[in-house]
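Colleague: As they're listed, the protein sequences go chains A and B.
Positions 2 to 429 (the working numbering) are the ones given, in order, by the first sequence.
Positions 2 to 429 (the working numbering) are the ones given, in order, by the second sequence.
2 protein chains.
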Amino acid sequence: MPAPLRIGLAGLGTVGVGVIKIVQQHADMIAMRAGRPITITAVSARDATRDRGVDLSGFAWESDPVALARRDDVDVFVEVMGGHEGAAKDATEAALATGKDVVTANKALLAHYGQALADSAEAAGRTIRFEAAVAGGIPIIKALTEGLAGNAIRRVMGVMNGTCNYILTRMEDTGLPYDVVFEEARALGYLEADPNLDVGGIDASHKLSLLASIAFGTQVSFDAVEMEGIGAVSIDDIRRAGDMGYRIKLLGVAQMTGRGLEQRMTPCLVPCDSPLGQLSGGTNMVVVEGDAVGQIVLRGAGAGQGPTASAVMGDVIDLARGIRTPTFGVPAAHLTVPVAAHSAAPAAWYLRMRLVDKPGALAKIATKLGEAGVSINRMRQYGQSDGDAPVLIVTHKATRDDIQTALSSFKTTGVLAAEPVALRIEDV
Amino acid sequence: MPAPLRIGLAGLGTVGVGVIKIVQQHADMIAMRAGRPITITAVSARDATRDRGVDLSGFAWESDPVALARRDDVDVFVEVMGGHEGAAKDATEAALATGKDVVTANKALLAHYGQALADSAEAAGRTIRFEAAVAGGIPIIKALTEGLAGNAIRRVMGVMNGTCNYILTRMEDTGLPYDVVFEEARALGYLEADPNLDVGGIDASHKLSLLASIAFGTQVSFDAVEMEGIGAVSIDDIRRAGDMGYRIKLLGVAQMTGRGLEQRMTPCLVPCDSPLGQLSGGTNMVVVEGDAVGQIVLRGAGAGQGPTASAVMGDVIDLARGIRTPTFGVPAAHLTVPVAAHSAAPAAWYLRMRLVDKPGALAKIATKLGEAGVSINRMRQYGQSDGDAPVLIVTHKATRDDIQTALSSFKTTGVLAAEPVALRIEDV
Chain A
2 MPAPLRIGLA
12 GLGTVGVGVI
22 KIVQQHADMI
32 AMRAGRPITI
42 TAVSARDATR
52 DRGVDLSGFA
62 WESDPVALAR
72 RDDVDVFVEV
82 MGGHEGAAKD
92 ATEAALATGK
102 DVVTANKALL
112 AHYGQALADS
122 AEAAGRTIRF
132 EAAVAGGIPI
142 IKALTEGLAG
152 NAIRRVMGVM
162 NGTCNYILTR
172 MEDTGLPYDV
182 VFEEARALGY
192 LEADPNLDVG
202 GIDASHKLSL
212 LASIAFGTQV
222 SFDAVEMEGI
232 GAVSIDDIRR
242 AGDMGYRIKL
252 LGVAQMTGRG
262 LEQRMTPCLV
272 PCDSPLGQLS
282 GGTNMVVVEG
292 DAVGQIVLRG
302 AGAGQGPTAS
312 AVMGDVIDLA
322 RGIRTPTFGV
332 PAAHLTVPVA
342 AHSAAPAAWY
352 LRMRLVDKPG
362 ALAKIATKLG
372 EAGVSINRMR
382 QYGQSDGDAP
392 VLIVTHKATR
402 DDIQTALSSF
412 KTTGVLAAEP
422 VALRIEDV
Chain B
2 MPAPLRIGLA
12 GLGTVGVGVI
22 KIVQQHADMI
32 AMRAGRPITI
42 TAVSARDATR
52 DRGVDLSGFA
62 WESDPVALAR
72 RDDVDVFVEV
82 MGGHEGAAKD
92 ATEAALATGK
102 DVVTANKALL
112 AHYGQALADS
122 AEAAGRTIRF
132 EAAVAGGIPI
142 IKALTEGLAG
152 NAIRRVMGVM
162 NGTCNYILTR
172 MEDTGLPYDV
182 VFEEARALGY
192 LEADPNLDVG
202 GIDASHKLSL
212 LASIAFGTQV
222 SFDAVEMEGI
232 GAVSIDDIRR
242 AGDMGYRIKL
252 LGVAQMTGRG
262 LEQRMTPCLV
272 PCDSPLGQLS
282 GGTNMVVVEG
292 DAVGQIVLRG
302 AGAGQGPTAS
312 AVMGDVIDLA
322 RGIRTPTFGV
332 PAAHLTVPVA
342 AHSAAPAAWY
352 LRMRLVDKPG
362 ALAKIATKLG
372 EAGVSINRMR
382 QYGQSDGDAP
392 VLIVTHKATR
402 DDIQTALSSF
412 KTTGVLAAEP
422 VALRIEDV
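1. Going by alpha carbons, who is nearest to A/R72 out of A/A95, A/E227 and A/T414?
2. Under 7 angstroms between beta-carbons, which chain B residues line up against A/N152? List them in chain order, please.
3. Run through the DSSP bridge pairs and tell me what B/Q256 is partnered with.
4. Confirm, please, whether the CB-CB distance from A/G202 to A/E173 is below 8 angstroms.
5. State the start and end residues of the unbroken alpha helix (DSSP H) segment that holds B/I243.
6. CA-CA distance, B/L424 and B/R300?
7. For the ligand FAD, is there any heavy atom lying closer than 7 angstroms to the beta carbon of A/G190?
8. Cutting at 6 angstroms between CB atoms, please list the residues of its own chain near A/A136, excluding the five before and the five after it.
9. Pick out whichever of A/A390, A/A399 and A/R353 has its Cα sitting closest to the Cα of A/G1.
10. Under the rule that 16 or more other beta-carbon atoms within 10 Å means buried, what is B/D29, buried or exposed?
11. Compute the Euclidean distance between the alpha carbons of B/Y351 and B/L177, then round it to the nearest angstrom.
12. Using a Cβ-Cβ cutoff of less than 7 angstroms, which residues in the same chain neighbour A/P421 once the five nearest sequence positions on both sides are dropped?
13. Any contact between the stretch 63 to 83 of chain B and the stretch 29 to 38 of chain B? By contact I mean 3 or more CB pairs, one from each, below 8 angstroms.
14. Where do the ends of the beta strand (DSSP E) carrying A/A68 lie?
15. What residue range does the beta strand (DSSP E) around A/M286 cover?
16. Sort A/T164, A/L169, A/F217 and A/Y179 by Cα distance to A/V195 and report the nearest one.
17. If you drop the 5 nearest sequence neighbours on each side, which residues of the same chain put their C-beta closer than 8 angstroms to that of B/I318?
18. I need the DSSP call for B/S58, collapsed to helix, strand or coil.
19. Looking at chain B, is there any beta carbon in it that lies within less than 8 angstroms of the beta carbon of A/D442?
20. Three-state secondary structure (DSSP) at B/K208?
21. Under the rule that 16 or more other beta-carbon atoms within 10 Å means buried, what is A/T219, buried or exposed?
22. What does B/P276 reach in chain A if we use C-beta pairs closer than 8 angstroms?
23. With 16 other CB atoms within 10 Å as the buried threshold, where does B/E63 fall?
24. Please classify A/K58 as buried or exposed, where buried requires at least 16 neighbouring CB atoms within 10 angstroms.
25. In the DSSP assignment, what residue or residues form a beta bridge with B/C269?
26. Taking the beta carbon of B/G9 as the centre, do at least 16 other beta carbons fall within 10 Å, making it buried, or is it exposed?
27. In chain B, which residues lie less than 9 angstroms from A/P391 when you measure between Cβ atoms?
28. Could you check where the beta strand (DSSP E) with B/G115 kicks off and where it finishes?
29. Output the boundary residues of the alpha helix (DSSP H) element that contains B/Y167.
30. Against chain A, does B/T258 count as a neighbour if the rule is that its beta carbon must be under 8 angstroms from one of theirs?
31. Verify the CB distance criterion: does B/D319 have a CB-CB separation below 8 angstroms to chain A?
32. So which of B/P5, B/E80, B/P347 and B/D180 has the shortest CA-CA distance to B/D403?
33. Which of the three DSSP states, helix, strand or coil, is assigned to A/G494?
34. Below 8 angstroms between beta carbons: does that hold for A/N152 and A/V340?
35. Use the C-beta contact count for B/V416: other C-beta atoms within 10 angstroms, 16 or more gives buried, fewer gives exposed.
36. Within 10 angstroms of its Cβ, does B/Q116 collect 16 or more other Cβ (buried), or is it exposed?
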């Protein structure tokens, strides 16, 4: 049997320990599948003394991940430390500079420095694999770059932050408002130290920007993601959307439009009976639309020790087999700089507003919509409990610009009792 | 740029034409992704004169697919003719014997001769890729052999015959009986020339046997699949199962049990709100359970020109990139001969029966179940329209042997008005 592939593992948190468990428990199975043994040579973490429940005695210890990355007895540098500056970035660069392939779960690092790192990898004849960085255990990077490589991709969509999906599902199930469920999630340890990474949509947008790059052959452009978190989603909207047959999801969408690459991570309505609409709790889902294959849906755990370590090991086993696809699917020099197109694709919209109790109020709103070129598909007016009339409108397809024009013009009518809510209905 | 990868394409039916379309329409995109151009050198089909709507003028024509497979100017032999004997087999063997890799959509050929062909491929230093043979455009072979390679697979399940799922869904939607919907499907061209390939479960079992091989590292053992078609599924059972919160699917299940490898392709009940239960129409779905990753669900079109050609091209592009994983995921010589275990895994069961209108009838049935060691989870007796009483029972987990013991003993009670129906409820 050929020589082992030797891992240097930086980071002994949940994911790193998961990687060690798989390597130790499945050594024979993995050697059979990979065609050679896979071993861990050296590890690195902040605290060398903590009991992590796995046997570390066979591994060399490096306190500095950069030193780990430079070791001569490491073939693949596995980075599961996290953080997009500092040690993670330095160590990844050091690994590439000294001729190692890199396997990483670090979405933030790649979202910010993906192009430079891919350039460095190719200059060294190496690659960076990052299946674990997007949608946990779901093999979506592999599906896009390899399995569906014969397709021009039309659109990639996904629910890729389990915490947000948990919060939205829990609000729907319990009727509790956002703030209460947010605190529940925090108490359960579901939130990052900076919760805005989750509920602000940043973490999911990191992932979306990576998917967009490999789907469309463009340089990663995280800064161009139109991003809106779930903090403003009200229990009212969850209920009203449900009445109309929709669920609200923090949905990432990337598509190439006539005006450029559109990347959005925003609360959207999706039909209750669609795969995305049926997704509850912390599970992730990615939907890919290709010109030949049509729609492919992948669903699975988006986080956690086992799923993330599974993704890391899939990448490591590929490298052991000699599979070395370019980092973003095509050579880094051929990745194009995308033109950012914000919400260019038209969509149906859900509009919720409260109108004052005056004759002709609804007619005024309808007139303004018509003037903005937005036509009404469905409209529902609810009983007036407090004098104001809750009104829901589902529009036919319209651009965001047209919707914003209409919303602005509503203000001149004097019939709005509160700021209206507009949410996109994604066609899934 | 390196030399092109040259395809010899055997079969110019729907899928073959789909492959030509992708190669012609996306030549630049594919060359970028594969790192080299992919061209078609020569083609083969029965009728050289028919207009297929694509330009064949640039390709050499071989009337004999074996001659095509042997050509010196072919690197990869793509077999989309179908049929598991005769020309398809001969040509595949000829391609391997003359040092070509093979990409095939031919599930029947691999289900019957997979081991011998994998042996031949490895003897020649080549591989056989068959993403298109299982679940159409869904990249499930790649997911299992590569993306999830760090997992010990617990179970693989799937709805992998779109025609059967169409028929079952249509029966539920319309209330029409099986025979009527079967004739509808035939008129719509959804059925194979031999419909038993579809409704008898043979086609889906071919696919299941391939998934079982790569999931568990075993030799393909199609003959060991426990197979039952959908011909006996009644509209009554579809309705009654629905009352209890289940849908009936022709579900393939492969799992390694303490007694050996269990492979089943049978009508099963699954919860309406599970991903499998929500699958309607001709779509396919495969569910994989791995020890690290948990449950991964993949969904997409299981047939058709674009999806199947997409899968073929994914394999071809991998070969162009130099990716040459062993045919069934591990070297052919290491595939083990599985011990076949028929329905070893216990399950809950759905039992439907009609009891004669006599006092104590239900008690007699319940007693017999208890004697067979089967306990009742839920029971429902319907109003008696014609003297006999329809009774539904959902059991707690029991083996098929115990259920069959119970069913046999029912006959001695004298209270059955008709043959009882027993369907497995798969835990999904």
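Note that the Cβ used here is the ideal one computed from N, Cα and C, for glycine as well.
Modeller: This is what the structure gives:
1. The closest CA to that of A/R72, considering only A/A95, A/E227 and A/T414, is found on A/A95.
2. Those within 7 angstroms of A/N152 in chain B are S311.
3. Per DSSP, B/R156 and B/E263.
4. Taking 8 angstroms as the Cβ cut-off, A/E173 and A/G202 do not qualify as a contacting pair.
5. Per the sequence presented here, residue 243 of chain B reads as Gly, with Ile not at that position. Where B/G243 is concerned, the enclosing alpha helix (DSSP H) stretches over I236 to D244.
6. Between the alpha carbons of B/L424 and B/R300 lies a distance of about 24 angstroms.
7. The model depicted lacks the ligand FAD and carries no ligand whatsoever.
8. Contacts found: M161, N285, V287 and G303.
9. Shown here, chain A extends from 2 to 429; a query on residue 1 of chain A therefore has no answer.
10. Under this definition B/D29 is an exposed residue.
11. B/Y351 and B/L177: Cα-Cα distance of roughly 22 angstroms.
12. Hits under 7 angstroms: L352, R353, M354, L408 and F411.
13. Pairwise C-beta distances place the stretch 63 to 83 of chain B out of contact with the stretch 29 to 38 of chain B, as fewer than three of them are shorter than 8 angstroms.
14. In the DSSP assignment, A/A68 falls outside any beta strand (DSSP E) and within the unbroken alpha helix (DSSP H) covering P66 to R71.
15. For A/M286, the enclosing beta strand (DSSP E) stretches over residues T284 to G291.
16. In the sequence as presented, Val is not what sits at residue 195 of chain A; that position holds Asp. The residue with the shortest Cα to Cα distance from A/D195 is A/T164.
17. Here the set comprises I31, R34, A35 and I39.
18. Reduced to three states, the DSSP call for B/S58 is coil.
19. No answer is possible for residue 442 of chain A: it lies beyond the span of chain A, which begins at 2 and ends at 429.
20. If DSSP states are grouped into helix, strand and coil, B/K208 belongs with the helices.
21. With 16 or more neighbouring CB atoms inside 10 Å of its own CB, A/T219 falls in the buried class.
22. Per Cβ cutoff of 8 angstroms: P276, Q279 and R300.
23. Answer is buried; the Cβ neighbour count reaches 16.
24. The residue asked about is misnamed: residue 58 of chain A is Ser in this sequence, not Lys. By the neighbour-count definition (other C-beta atoms within 10 Å, threshold 16), A/S58 is an exposed residue.
25. When beta bridges are read from the DSSP output, B/C269 appears opposite B/K250 and B/R425.
26. By the neighbour-count criterion, in which a residue is buried when 16 or more other Cβ atoms sit within 10 angstroms of its Cβ, B/G9 is buried.
27. Within chain B, no residue has its CB atom less than 9 angstroms from the CB of A/P391, the nearest being about 30 angstroms off.
28. It is not in any beta strand (DSSP E) - B/G115 instead sits in the alpha helix (DSSP H) that spans K108 to A124.
29. Run containing B/Y167: G163 to T175, per the alpha helix (DSSP H) assignment.
30. Not one chain A Cβ lies under 8 angstroms of B/T258.
31. Chain A, which has a Cβ nearer than 8 angstroms to the Cβ of B/D319, makes this yes.
32. Nearest option by C-alpha distance: B/P347.
33. Nothing about residue 494 of chain A can be reported from this structure: the residues present for chain A run from 2 to 429 only.
34. One thing to note: A/N152 has its Cβ no nearer than 8 angstroms to the Cβ of A/V340.
35. With 16 or more neighbouring CB atoms inside 10 Å of its own CB, B/V416 falls in the buried class.
36. Here B/Q116 is buried: its Cβ has 16 or more other Cβ atoms, across all protein chains shown, within 10 Å.
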